[in-house]
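Below: one structure, written as structure tokens.
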Amino acid sequence: MEIKHTTEDFMKIAIAEARKGMNKGNRPFGSVIVKDGTVVAKAHSMGFSHHDVTAHAELSAIRNFSKKAKTHDLKGYTLYATGEPCLMCSGAIAVAKISALVIAANHTDLPISMDLGRKRPGRLSYKEILSEYGLKVNVKRGVLRENVIKLYKEFVKKHA
């Protein structure tokens, strides 16, 4: 009998990735890419440990899968992200043509020291970036939100 995985199951994998990154001294962000109920890529934030400002979880997952699959077209794939994608990651999601995005926590859920300035007026959101590319991405928000907020707070407490 085939096991049917839920949205929460995939977000738990993304959260485990976020914790893995956090244990290496990075911000607690994780991402998973899924196609037809199968995880095809996963990654965590590696910006601090790799001294690379582009090593965000979403971007790393997209990069890893695209390289392995030898394609940059992820139409039909779902990306699970523990946090709302930043401008850079939103651009990558748009260019990759990812069909669905599942987000645990909004940037407004982040403790203040984790907020990357996206609350300021005039900043583009992931919705605006995807819209600019003319993409109709199915977005689901709030999946295991409280679990992710708890992880963020744990990170801030360790690094205060």
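Using the numbering used here, read the sequence shown as starting at 113 and increasing by one per residue.
Heads up, the beta-carbon is just placed ideally off N, CA and C, and yes, glycines get one too.
In this text the structure is predicted, and so the values were computed from the model without any measurement.
8 Å Cβ cutoff met for residue i and residue j
i    : j    : result
S161 : N138 : yes
G142 : A167 : no
Y264 : P140 : yes
V249 : I210 : yes
Among the options, the one whose alpha carbon lies nearest that of residue i
i    : options                   : result
H219 : A212, A204, D148 and A193 : A193
I241 : K132, G133, M134 and V207 : V207
Y189 : C198, L199, S178 and E196 : S178
K260 : G195, D121 and T118       : Per the sequence shown, residue 260 should be read as Val rather than Lys. Ranking G195, D121 and T118 by Cα distance to V260 puts G195 first.
A212 : M134, K187, V268 and K262 : K187
I145 : K136, L199, F122 and G133 : F122
H184 : M134, I205 and R253       : I205
V251 : A217, K262 and D221       : A217
K262 : T119, M134 and L199       : M134
Through-space distance from residue j to residue i, alpha-carbon basis
i    : j    : result
R175 : A181 : 10 Å
K116 : G149 : 7 Å
D164 : K147 : 28 Å
S202 : L247 : 11 Å
F267 : Y245 : 34 Å
G159 : K270 : 17 Å
DSSP beta-bridge partners of residue i
i    : result
I145 : A153 and L191
L263 : L263 is not bridged to any residue.
Minimum Cβ-Cβ distance from residue i to chain D less than 8 Å
i    : result
N176 : No chain D appears in the structure shown, which is made up of a single protein chain.
Is the number of C-beta pairs between the stretch 152-159 and the stretch 118-137 that are closer than 8 Å three or more? yes
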